[in-house]
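Inspection log for the structure reproduced underneath, given as structure tokens.
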Amino acid sequence: MCGNRDIVIIGGGPVGMVLSLLLAKQGIGSTVLEARRLGAANQDARALALSYGTRRILEKLDVWQALVPHATAINKIHVSQKGSIGRSLLQAEDYRQEALGYVLSYGALCKVLSAQVSGSPLIHLIDEAQAESITRDAACAAVRYRRHDALHELQSALLVLADGGRSLEEVAGLKRDTKEYGHDALITKVSAELPHDNIAYERFTPNGPMALLPNGERDFSLVWTGEKSRIAPLLELSDAEFLAQFHAEFGDRVGRFLSVEKRMTFPLKLSQLQSSDTPHLVVVGNAAQTMHPVAGQGFNVGLRDAEMLAWHIGNTPGALGGSEMLAAYRASRKTDTRHGLLFTDFLVNIFSNDILGVSALRSAGIGMFDLAKPVKRFLVRKMSFGK
Ligand SMILES: Cc1cc2nc3c(=O)[nH]c(=O)nc-3n(C[C@H](O)[C@H](O)[C@H](O)COP(=O)(O)OP(=O)(O)OC[C@H]3O[C@@H](n4cnc5c(N)ncnc54)[C@H](O)[C@@H]3O)c2cc1C
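Numbering of the sequence shown is given in this note's numbering, commencing with residue 11 and proceeding in unit increments.
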């Protein structure tokens, strides 16, 4: 028997915090180890695309109301390809949804979640706690973490790794399949001449896809992806040069671009944990799967991990953290994760090359997709709610 009744979660990012809140809602206690100081993530301006299904999870936790002032609704998604007239439009009203999704900053989400976590008597958040190693025996898993130069250990019948895949790469028993795209994503915020009207733009160019998401009253968050050799020089341009190049790629739909904030890039890869039997240890969120941001799926798939894991913890009759419980959890997540990875990988492959003929096919494909109502409905359901 494992002495500690609490579930231990490594990583107090959005997925780790949502899991702890979902557990608390069922009367289950947890300890969250977070490497950063409490509040350190609150200023992170990176924009997350939240699906309608993610909104429902956040509503269940009573945090959605506090997020509403920070969230921008996406009412339409406009899909186009540079150099062709084919375009497709998805509209929330066609699917009886209030919105197709929302854009929210990582910082605003973390701030609201950490306030809720701090107020819960069932959650013990330890900040500035850097997990360094994980060990397991027949009854328990144990994590060693460093806090203010002192080493500590916590044991649990269920250890959840939600560290975003940033550390603890070498945990025994965990193997990852990784595909490096050789692409980077440039992220920033821009303002434009015309209002966004709550439309998100997905634009495919021969160099890679770009997404322009409404964020705030007038601003857009930009995710511009492509080969490293094409994206890196964009950091060196003056603001005016950058906006002119972006305008040339994106076109005239929102008029001229007027200003741009700080630009940063990060490497893109597709990575998935191989399924393996690791009793007392489970991996969720970005630590379990990392996707290309082309369709804004990664974060939402991670939150659905948290939702399903909380359900299995609360409802599986078998031993907490036992092989049976974890196998049931992994089986429940397999299809959704696989589809998310396949779908984003497909989009990157089909839309990031300029082979003769492929471009025309893509253009025809976008036009046909616009007419195929059942396919669009299926896609909207998938992107909103997963499996
Ligand atoms: C630079 C960057 C930009 C991104 N931009 C976008 C975007 O524009 N749109 C989008 O939809 N998605 C984006 N993503 C992906 C998105 O951030 C993730 O899908 C989402 O954050 C996943 O949440 P998570 O909780 O699983 O992991 P994370 O948000 O990474 O959280 C992990 C947490 O674990 C903590 N941690 C790490 N190691 C340890 C340790 N050893 N001990 C204790 N704590 C630890 C970290 O401090 C962090 O708080 C981006 C990712 C990166 C890296």
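Glycine included, each C-beta is placed from N, C-alpha and C at the ideal position.
Can you determine whether any heavy atom of ligand 1 sits closer than 7 Å to the C-beta of residue i, and answer yes or no?
i, result
"residue 62", "no"
"residue 173", "yes"
"residue 261", "no"
"residue 317", "no"
"residue 246", "no"
"residue 225", "no"
"residue 112", "no"
"residue 25", "yes"
"residue 53", "no"
"residue 271", "no"
"residue 65", "no"
"residue 186", "no"
"residue 299", "no"
"residue 197", "yes"
"residue 233", "yes"
"residue 211", "no"
"residue 191", "no"
In this structure, does DSSP put residue i in helix, strand or coil?
i, result
"residue 79", "helix"
"residue 349", "helix"
"residue 220", "strand"
"residue 103", "helix"
"residue 137", "coil"
"residue 41", "strand"
"residue 145", "strand"
"residue 240", "helix"
"residue 277", "strand"
"residue 206", "coil"
"residue 315", "helix"
"residue 190", "strand"
"residue 16", "coil"
"residue 7", "The structure shown has nothing for residue 7, since the chain only spans 11 to 397."
"residue 92", "coil"
"residue 257", "helix"
"residue 158", "coil"
"residue 69", "helix"
"residue 151", "strand"
"residue 229", "strand"
"residue 326", "coil"
"residue 163", "strand"
"residue 292", "strand"
"residue 53", "helix"
Rounded C-beta distance between residue i and residue j? I'm assuming under 8 Å.
i, j, result
"residue 324", "residue 36", "4 Å"
"residue 34", "residue 133", "6 Å"
"residue 172", "residue 297", "6 Å"
"residue 146", "residue 290", "5 Å"
"residue 168", "residue 313", "Between residue 313 and residue 168 the Cβ distance is about 19 Å, and since that is not below 8 Å, they are no contact."
"residue 345", "residue 299", "Actually they are not in contact, since the Cβ atoms of residue 345 and residue 299 sit about 13 Å apart, beyond 8 Å."
"residue 77", "residue 116", "Actually they do not touch by this definition, with Cβ atoms about 12 Å apart."
"residue 317", "residue 67", "5 Å"
Rounded to the nearest angstrom, what separates residue i and residue j at their Cα positions?
i, j, result
"residue 229", "residue 122", "22 Å"
"residue 15", "residue 252", "54 Å"
"residue 47", "residue 157", "11 Å"
"residue 126", "residue 73", "8 Å"
"residue 209", "residue 270", "19 Å"
"residue 276", "residue 240", "13 Å"
"residue 247", "residue 24", "33 Å"
"residue 128", "residue 30", "11 Å"
"residue 186", "residue 51", "27 Å"
"residue 4", "residue 106", "Outside the displayed span of the chain (11 to 397) sits residue 4, for which this structure offers no information."
"residue 365", "residue 243", "For residue 365, the predicted model reports a pLDDT of 49, less than 50, meaning its position is unreliable; a value from the coordinates is still stated below. Cα to Cα, residue 365 sits roughly 24 Å from residue 243."
"residue 192", "residue 219", "14 Å"
"residue 215", "residue 259", "7 Å"
"residue 100", "residue 141", "43 Å"
"residue 21", "residue 42", "7 Å"
"residue 233", "residue 279", "15 Å"
"residue 19", "residue 288", "16 Å"
"residue 222", "residue 166", "43 Å"
"residue 62", "residue 83", "10 Å"
"residue 118", "residue 109", "20 Å"
"residue 266", "residue 249", "13 Å"
"residue 45", "residue 182", "21 Å"
"residue 224", "residue 170", "34 Å"
"residue 341", "residue 307", "20 Å"
"residue 97", "residue 273", "28 Å"
"residue 332", "residue 262", "56 Å"
"residue 75", "residue 65", "10 Å"
Counting only C-beta atoms, is residue i closer than 8 Å to chain D at any point?
i, result
"residue 253", "Looking at the structure shown, chain D is missing, and only one protein chain is on hand."
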